[in-house]
Structures are given as C-alpha cells and as structure tokens.
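A.B. asks: The structure that follows is given in the form of structure tokens.
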Amino acid sequence: MGEYLDYKIDMKGHKTEYEYYAPGFLESKVWTKARESVAWGTVDYVYNADGSLWKAITEGGDCGCSSSTRFHQYNNNGQIINHTSAFGNGYVYYDYDGIGRLDEIKIPDYAGSLRNTVTYGYDAANRLTDVDASISSSNPANATMTYNKANQITHLSLDGGSASVGYQYNSSSGRLSKITTTAQDKVRTYDYGYNNDGLRTSTALSLDDFKANASYGYDNLNRLTNELVQARFEPSVCIDLTTSGYVSIASGGDLGGSFDDFTIDMRILVDAWPSSGEAVLFERGSDGSGNWIKLSINTSGMLSMRIETNSDEEVATVGPISVDEWIHVA
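In our numbering, the protein residues as written are -14 to 315.
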C-alpha cells in the first residue's frame, strides 16, 4: 500500500503482515511462525469516530491464550486518559493540568492495584523540568532538566544526582557539540563535528583509556555514502621521563623470595631513548638483595630484564625498540 509497511520477516523467519482500512490506520496485524503459512496470532485494531484507537484485540501468539482486548479512552481534547494495562488487569490512568500538560501517570501492578505514580513538572516556559517515578525515597527514579535561552537542554540529572548528562552547543550554529555523561564515577564524553550543511561529519567517544572515532561522508545530494569507525585503548598510566631520562613507576617492594607466576604486561610509547643512564619501566626489590627484578630501556634503546634471586642472577636484552610506535611488552 504505497509507503505503508505491508509485511516484515524477522531473523527467525517469522512473518508479520499488516492491513490498513485507511491511510495511516492499521486495521489488523497477522503473524506466522517460520515455514508455516497458517496464522499464529493476530491483533485487530478498532477506532472511534474521531479516528483514535479505541481497542486492540489480540488472539494467539506466544502466550497461547484466548483473545484479550485492550481498551483506550480519551478526554474532550483527544488526550488519552486511560487504557487497559499490559497485564490485562486494571488500567493505566493519565491526568493533565489546567492547560493540558501531562501531570501524572498511575500505573497498576500485575494484580491491578496501584503500584506507582509518575509525576511531571514544568517551568514558566512550559518546558519539562521534572519527572519522578520513585517508589520510595530510598529507591529514587527521577530526572531533572535545565535549559539555555534557546530552549536547548543543557543538563539532565538522574536518580537523585547519581548520574548526569551535560550538553554543550556551538555558539554560532547552535548545533550540539558535546555530551558528557557521569555515572558510577565514570565520565564519558562525545564530541561532534558538522559540515556547512549541518550534517554530522565526526563523532569522538572518550571513556577512561578507551577512545573511539567515527567519520561520515556524503555525496552531492547530502546522502550518507560512507562511515568509518576507529577505536583504540591507551595505557591507564602514561609515563613522562624526567630530564635525566629516568623514571621509576613502582620502585622498592618485596617479592617474597619467589618469582613463580610473576607477570609484567604493558604497552609503551617511547618518544626517544634515554640520553643517559636508563629508563626504568618496572622495578621490585633492590640490587644485591637476592630478591630483585627490573625492566628498563638503555641509551641504545635496548629493553633489558634483570632478575636476581638468592641463588642466581639473569639478564635478558632485546631491541632496539621502536620510537614513536606503540609496543606491547609482556
């Protein structure tokens, strides 16, 4: 039927067919199991004189139950005021304030009794500022929003401030330029770039040591033609050598007289070899103690591992290592 969906087949081969009695008004939905032609379940839709959905009749399907009907009721402004709950017991109720803004939604539990009330708050500019679905003060489920002068949301606080989302916009174009999310002591940022036509050309994600970048290309008709995504991890500890070319990440300590199952695993990026001495990447114990391990880079770029126990001392050297290139040492 023109631009309206006629049918769809999911990954399991289940087919769903759609029928309409007028443009935009779905009359019925019939679905079948994979490789079967008989109807497995149906949903029939009935509308009122105003063209609003009045009831939906479901038969068959996964539940294998007898037919069930969900009713919908509206006020004089065409706003829904209640409908049968998803469980089939009780109703979901909608209340509005004096100027038609949604004020609260009352939601029943499985037995049909009131379980929760979701309330909505607005500012003087009729912008949504508060949504509260908390069942108790010890279990907050709410959101508060703030806006800029252009009515763009700038901050979203969730669940009593335990999580938040910040929004930044380009001062010239007004387009969204950055999103910062904070939750469970983790900060995630998204940075966005656009071309002169306002189409997004780049997205950059940063979360701790994880970085991801996506770029988008378009043809002369502004149709998306390609998308490139790149992701990489960086070490959780970045090492900056001192002017003498020496740094000790974790010097000292005691190996307990045993090197069994001892593992060093790191990724490093060397800008230049040490100008003098050595750059210590890892060290435990001390020279001459009979209980010492050290990983270092010398002035020739050689990677050296020295292990000393009470009965033996070994040194292994490899390299030279590459400059300005990430390498994995294990």
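For glycine and all other residues, C-beta sits at the position ideal for the given N, C-alpha and C.
1) Could you give the distance in angstroms between the alpha-carbon of N127 and the alpha-carbon of S149?
2) How is D88 classed by DSSP in three states: helix, strand or coil?
3) Apart from the five residues just before and just after F204, which ones in its own chain have a Cβ nearer than 8 Å to its Cβ?
4) Could you check which residue in V77, T27, H313, G273 has the C-alpha nearest to that of L266?
5) Taking DSSP as the reference, what is the three-state secondary structure of D80?
6) Can you name, in chain order, every residue of its own chain whose Cβ lies under 6 Å from the Cβ of T167, other than the five neighbours on each side?
7) Among V308, N133, L206, which residue has its Cα nearest to the Cα of V255?
8) Helix, strand or coil for G270? Go by DSSP, reduced to three states.
9) For V214, is the classification buried or exposed, using 16 other Cβ atoms within 10 angstroms of its Cβ as the cut-off for buried?
10) How many angstroms separate the CA atom of Y201 from the CA atom of S162?
11) To the nearest angstrom, report how far apart N322 and Y179 are at their CA atoms.
12) Taking DSSP's pairing of strands, which residues face Y95 in a bridge?
13) So what's G146 in DSSP terms, helix, strand or just coil?
14) Using three-state DSSP, classify A264 as helix, strand or coil.
15) Taking a contact to mean a Cβ-Cβ separation below 8 Å, would you say G275 touches P305 in this structure?
16) Could you have a look at G106 and say whether DSSP puts it in helix, strand or coil?
17) Can you list, in chain order, the stretches of the beta strand (DSSP E) that have 3 or more residues and sit fully within the region 149 to 193?
18) For V308, which of helix, strand or coil comes out of DSSP?
19) By a C-beta neighbour count over all protein chains shown, 10 Å radius and 16 as the cutoff for buried, is T302 buried or exposed?
20) Taking 8 Å as the threshold (C-beta atoms), are N181 and L189 in contact?
21) Taking the straight line between their C-alpha atoms, what separation do you get for Y175 and N207?
22) Taking F10 as the reference, which of Y30, N101, I92 has the closest Cα?
23) Where do the N-terminal and C-terminal ends of the beta strand (DSSP E) with F72 fall, by residue?
24) Could you pull the DSSP bridge partners for Y201 from this structure?
25) In angstroms, rounded to a whole number, what distance separates the CA positions of S13 and K196?
26) Using 8 Å as the threshold, is the C-beta distance between G270 and I282 below it?
27) Find out if the Cβ-Cβ distance for the pair T104, D94 is shorter than 8 Å.
28) If the criterion is Cβ atoms closer than 8 Å, does the pair D115 and T129 meet it?
29) Give the range of the beta strand (DSSP E) segment to which L(-10) is assigned.
30) Taking D108 as the reference, give the member of N133, L288, G273, D(-5) with the closest Cα.
31) Whose C-beta lies closer than 6 Å to the C-beta of D272 among residues of the same chain, with five residues either side of it excluded?
32) Give me the DSSP bridge partner(s) of L280.
C.D. replies: In brief:
1) Rounded to whole angstroms, N127 and S149 show a C-alpha spacing of 11 Å.
2) strand
3) In the sequence under discussion, the amino acid at residue 204 is Asp, which differs from the Phe named in the question. Contacts found: T210.
4) Nearest to L266 by alpha-carbon distance, out of V77, T27, H313, G273, is H313.
5) strand
6) Shown here for T167: same chain residues with a beta carbon closer than 6 Å to its own, the five before and five after excluded, namely S149 in chain order.
7) V308
8) strand
9) exposed
10) 16 Å
11) In the structure as shown, the chain starts at -14 and stops at 315, and residue 322 therefore has no counterpart that could be examined.
12) Paired residues: none, contrary to the question.
13) helix
14) strand
15) no
16) strand
17) 161 to 168, 171 to 179, 185 to 192
18) coil
19) exposed
20) Correcting the residue identity first, residue 189 is Ala in this sequence and not Leu. No, the pair does not count as a contact, with Cβ atoms beyond the cut-off.
21) 23 Å
22) Y30
23) No beta strand (DSSP E) contains F72, which DSSP labels as neither H nor E.
24) E212
25) 47 Å
26) No, they are not a contact pair.
27) no
28) One thing to note: D115 has its Cβ within 8 Å of the Cβ of T129.
29) Careful: L(-10) lies outside any beta strand (DSSP E) and carries neither H nor E.
30) N133
31) none
32) F267, M290
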